[in-house]
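> Just so you know, the UniProt record's numbering puts 189 at position 189 of the sequence shown, and the rest follows in order with no gaps.
For every residue, glycine included, the Cβ atom is placed at its ideal position computed from N, Cα and C.
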Amino acid sequence: QGENLLYCFEAAPAQPALTQVTQCRTEGSTQGLATVPRLALDVMACEVLRVLQLTDTALVPVSYLVPRKSVQDFHEDLFPDCAGMLPATGAQAWWAGDSQQQVGRVSLHPARRPTETFTSPIIACTALQAADTGDTGPTDADRSGSGYSSPSSLTSPGSTATSHSASTGPSSGFASSPSQKSLQSILGPSSRFRHAQGRVLHRDTHLTNLRGLSLTTPGECDGFCTNHQRVALPLLSAGGQIAILELSKPGRLPDMAMPTIQNGAAVADLSWDPFDPWRLAVAGEDAKIRLWRIPEGGLRETLQEPEAVLRGHTEKIYSIRFHPVASNLLVSSSYDMTVRIWELSARQEALCLRGHTDQIFSLAWSPDGKKLATVSKDGRLRLYEPRRSPQPQQEGPGPEGGRGARLVWVCGSDYLLVSGFDSRSERRILLYRAQALPDGPLSVLGLDVAPSTLLPFYDEDTGIVFLTGKGDTRVFLYEVTPEPPYFLECNSFTSNEPHKGFIFLPKTACEVREVEFA
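Now the structure itself:
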């Protein structure tokens, strides 16, 4: 009681006696649970268990389905005969020693059902009744599982059916019966990755005993940065110190002082070179960008001399981004309302992009490296092609609120996803077609009300965008598609304590044998 996790275990007489099958995160915390009698299950949808969860304000059915290729046949192995509704004996006969102690068993096959089946006004028996009565309320069916797996495995259950009508129908993608198609058209599309589960890895992989972290980096900065080998963390101490931690050496850090990078000015943003894992670019509040080279094996002594210093901006820098395709190219934005592209091999500015009239919240290279998009406090999105012109090629309306915004390219180089606020401080995400910024957003989705800007991270292989803010505990997941409804919700992930920063490792770090994709 009071928790929002439902665990499902398989019990067996042999070892291992208990095997966890699935866990389901529910939206509301549990005040009570009850299992629905087997006679009420939708056996033709391979529903083997249905639980009713009582929350503070609702009664929520949670359905467990076993994926089968065909949902047109009755599966005898899943549904043996169960106890019926007729008593085996009476009270007086039992006291008198009647040995008839077994309630008569009945078949769950729909064609062989007895007439005295269990019924309830709250729980409908089959999803087909819902289709017949025109019930179009959202149900659990669209969350009932996807893809095939072995017959003995359960799919993850749905967590929140918001209507108490028929809650499970055969919409798991295992067959295409007419009833399934009608339900699918009622429910609308759902993400293939809606059951993606976020989990915290074992404590052995954590880096702990972090001390003196700077938690005051600007909102335009992610707070820290990482590549597949090491992490760079700004520290609170004077002189813009940066700790470099090797990911290959997890565990508790020593209590004593560690060697750091002495940047010489407070850190505004920092980024690892994607093509040189030993080079770190650091933007300072003194309007300079310093390039640092980390020795092989990590820092053993304090670094005080940068490899190079880039000068050109006249005011504090907001953010820096390396080019995704070409080496030795870096872009930066500053309070002087310019965006500058730097040629690192020549250690000089190559181009200054103009056209901004207010603070630049965020900038992002397109995946092919041809275009650069920015979003700024004046409520405008701008798209540049630096090799053609220092002026914006396109402009369009951005988020209304001036509290902060981020942008990321999605669906190749064709669409832009922008996170920002509306005039009432609600956090929202907007999707734009990159070739038609003046037309405004294709879709707008409101998420919640919170003070921090949502940081978007996009996984181009699955099309999933991860969204969370500094100080949040929840990470939203959406699959982004180039056709309506554009945003398909997936399972969100909730951490135990608020995060101060949130970064994704390169895909090469994923354990693909565990089907880990981020």
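(1) Tell me the start and end of each unbroken alpha helix (DSSP H) in the stretch 242 to 321 that is at least 4 residues and wholly inside, in chain order.
(2) For proline 254, collect the residues of the same chain with a Cβ closer than 8 Å to its Cβ; drop the 5 residues on either side in sequence, then sort them by chain order.
(3) Closest to aspartate 286 by C-alpha separation, out of Asp42, His195, Ala265 and Glu3, would be which residue?
(4) Can you give me the C-alpha to C-alpha distance between proline 178 and valine 71, rounded to a whole angstrom?
(5) Considering only the alpha carbon of each residue, which of Met258, Arg230 and Ala268 lies closest to proline 250?
(6) For alanine 373, which beta-bridge partners are listed by DSSP?
(7) Report back the beta-carbon spacing between aspartate 459 and alanine 518 to the nearest angstrom; my notes put them in contact at under 8 Å.
(8) Over what stretch of residues does the beta strand (DSSP E) that includes alanine 88 continue unbroken?
(9) May I ask which residues mark the beginning and end of the beta strand (DSSP E) holding threonine 453?
(10) The beta strand (DSSP E) with tyrosine 478 in it runs from where to where?
(11) When the Cα atoms are used, what is the spatial distance from leucine 455 to threonine 468?
(12) Give the DSSP-derived three-state secondary structure of proline 234 in the structure shown.
(13) Serine 248: buried (16+ other C-beta within 10 angstroms of its C-beta) or exposed?
(14) Between the alpha carbons of phenylalanine 193 and glutamate 489, how many angstroms are there, rounded?
(15) From what residue to what residue does the beta strand (DSSP E) around isoleucine 326 run?
(16) Would glycine 396 be called buried (16 or more neighbouring beta carbons within 10 Å of its own) or exposed?
(17) Applying the 10 Å Cβ sphere with the 16-neighbour rule, what's the burial state of methionine 256?
(18) With DSSP collapsed to three states, give me the class of arginine 203.
(19) Reducing DSSP to helix, strand and coil, say where residue 522 ends up.
(20) Threonine 508 lies in the beta strand (DSSP E); which residues open and close that run?
(21) Looking at leucine 353 and tyrosine 384, is the spacing between their C-beta atoms short of 8 Å?
(22) If you compare alpha carbons, which of Ser413, Asp222, Asp378 and Glu296 is closest to glycine 398?
(23) Is tyrosine 486 near the ligand SAM, in the sense that its beta carbon is under 7 Å from a heavy atom of that ligand?
(24) Within its chain, find whatever has a CB closer than 8 Å to the CB of valine 512; leave out the 5 residues flanking it on each side and keep chain order.
(25) Output yes or no for whether 8 Å exceeds the beta carbon distance between aspartate 269 and isoleucine 341.
(26) Helix, strand or coil: how does DSSP classify lysine 500 here?
(27) Classify alanine 11 as helix, strand or coil using the three-state DSSP reduction.
(28) So if DSSP puts serine 443 in a beta bridge, which residue, or which two residues, is it bridged to?
(29) Suppose contacts are defined by Cβ-Cβ distances below 8 Å. Is glycine 404 in contact with phenylalanine 224 by that definition?
(30) Any idea what DSSP makes of leucine 407, helix, strand or coil?
(31) What number of angstroms, rounded off, separates the C-alpha of serine 425 from the C-alpha of leucine 505?
(32) Identify which residue in Gly463, Asn496 and Pro451 has its Cα closest to the Cα of glycine 219.
(33) Suppose the cutoff is 6 Å on Cβ atoms and the five residues either side in sequence are ignored; what does the same chain contact list for threonine 19 look like?
(34) For arginine 406, does the count of other Cβ atoms within 10 angstroms reach 16, so buried, or fall short, so exposed?
(35) Isoleucine 464 and leucine 477 look like a contact to me (Cβ under 8 Å); what is the Cβ gap, rounded to whole Å?
(36) Quick check on lysine 249 - is its C-beta less than 8 Å from some C-beta in chain C?
Concretely, from the data shown:
(1) Runs found: none.
(2) As a working mapping, residue 254 is identified with position 254 in the sequence shown. Hits under 8 Å: Asn209.
(3) The residue you call residue 286 lines up with position 286 of the sequence shown. When C-alpha distances from aspartate 286 are compared across Asp42, His195, Ala265 and Glu3, the shortest belongs to Ala265.
(4) Looking up residue 178 in the sequence shown gives position 178. Looking up residue 71 in the sequence shown gives position 71. Confidence in proline 178 is poor, its pLDDT being 41 and thus under 50, which makes the residue's placement unreliable; the coordinate value appears in the next sentence. C-alpha separation (whole angstroms): 12 Å.
(5) Taking the first residue of the sequence shown as position 1, residue 250 is located at position 250. Comparing Cα-Cα distances from proline 250 to each of Met258, Arg230 and Ala268, the minimum goes to Arg230.
(6) By one-based count along the sequence shown, residue 373 stands at place 373. Its beta-bridge partners are Ala364 and Leu383.
(7) Your numbering for residue 459 matches position 459 in the sequence shown. Your numbering for residue 518 matches position 518 in the sequence shown. 5 Å between Cβ atoms; contact.
(8) Along the sequence shown, read from residue 1 onward, the residue named residue 88 stands at position 88. No beta strand (DSSP E) holds alanine 88; DSSP gives it neither H nor E.
(9) Translated into the one-based positions of the sequence shown, residue 453 becomes position 453. Counting along the chain, threonine 453 falls outside any beta strand (DSSP E), and DSSP gives it neither H nor E.
(10) Numbered from 1 along the sequence shown, position 478 holds the residue referred to as residue 478. Unbroken beta strand (DSSP E) run through tyrosine 478: 474 to 480.
(11) Looking up residue 455 in the sequence shown gives position 455. Looking up residue 468 in the sequence shown gives position 468. Answer to the nearest angstrom: the Cα atoms are 5 Å apart.
(12) Stepping through the sequence shown from its first residue, residue 234 is reached at position 234. Proline 234 falls in the strand class under three-state DSSP.
(13) The residue you call residue 248 lines up with position 248 of the sequence shown. Burial call: exposed.
(14) Residue numbering aside, residue 193 sits at position 193 when the sequence shown is read from its first letter. Residue numbering aside, residue 489 sits at position 489 when the sequence shown is read from its first letter. The straight-line gap from Cα to Cα measures roughly 9 Å.
(15) As a position in the sequence shown, residue 326 is number 326, starting the count at 1. It should be pointed out that residue 326 corresponds to alanine in this sequence rather than to isoleucine. Careful: alanine 326 lies outside any beta strand (DSSP E) and carries neither H nor E.
(16) Looking up residue 396 in the sequence shown gives position 396. Glycine 396 should be labelled buried.
(17) Here residue 256 is taken as the residue at index 256 of the sequence shown, counted from 1. The residue in question, methionine 256, is exposed, as its Cβ has fewer than 16 Cβ neighbours within 10 Å.
(18) Within the sequence shown, the letter at position 203 stands for residue 203. If DSSP states are grouped into helix, strand and coil, arginine 203 belongs with the helices.
(19) For residue 522 there is no data in the structure shown, the boundaries of the chain being 1 and 518.
(20) In the sequence shown, residue 508 corresponds to position 508, counting from 1. Here threonine 508 belongs to no beta strand (DSSP E), and DSSP marks it neither H nor E.
(21) Indexing the sequence shown from 1 puts residue 384 at position 384. Indexing the sequence shown from 1 puts residue 353 at position 353. Yes, they are a contact pair.
(22) By 1-based counting over the sequence shown, the position of residue 398 is 398. For the residues Ser413, Asp222, Asp378 and Glu296, the minimum Cα distance to glycine 398 belongs to Asp378.
(23) Among the components modelled here there is no ligand, and therefore nothing to report on the ligand SAM.
(24) Working through the sequence shown from its first residue, we reach residue 512 at position 512. For valine 512, there are no CB contacts under 8 Å within the same chain when 5 residues up- and downstream are skipped.
(25) Within the sequence shown, the letter at position 269 stands for residue 269. Within the sequence shown, the letter at position 341 stands for residue 341. Cβ atoms of aspartate 269 and isoleucine 341: not closer than 8 Å.
(26) As a first step, residue 500 must be located in the sequence shown, where it is residue number 500. Of the three classes helix, strand and coil, the one that applies to lysine 500 here is coil, per DSSP.
(27) Position 11 of the sequence shown, counted from the start, is the residue given in the question as residue 11. Of the three classes helix, strand and coil, the one that applies to alanine 11 here is strand, per DSSP.
(28) Taking the first residue of the sequence shown as position 1, residue 443 is located at position 443. Looking at the DSSP output, serine 443 shares a beta bridge with Leu431.
(29) Taking the first residue of the sequence shown as position 1, residue 404 is located at position 404. Taking the first residue of the sequence shown as position 1, residue 224 is located at position 224. No, the Cβ-Cβ distance between glycine 404 and phenylalanine 224 is not below 8 Å.
(30) If you number the sequence shown from 1, residue 407 lands on position 407. It is a strand residue.
(31) Translated into positions along the sequence shown, residue 425 becomes position 425. Translated into positions along the sequence shown, residue 505 becomes position 505. Straight-line Cα distance between these residues: approximately 30 Å.
(32) By one-based count along the sequence shown, residue 219 stands at place 219. Looking at the Cα atoms, Pro451 is the closest of the given residues.
(33) What you label residue 19 is simply residue 19 of the sequence shown in a count that begins at 1. Cβ neighbours of threonine 19 beyond the five flanking positions: Glu10.
(34) The residue labelled residue 406 in the question sits at position 406 within the sequence shown. With 16 or more other Cβ atoms within 10 Å, it is buried.
(35) Looking up residue 464 in the sequence shown gives position 464. Looking up residue 477 in the sequence shown gives position 477. Confirmed, about 6 Å.
(36) Protein chain content of the structure displayed is limited to a single chain, and chain C is not contained in it.
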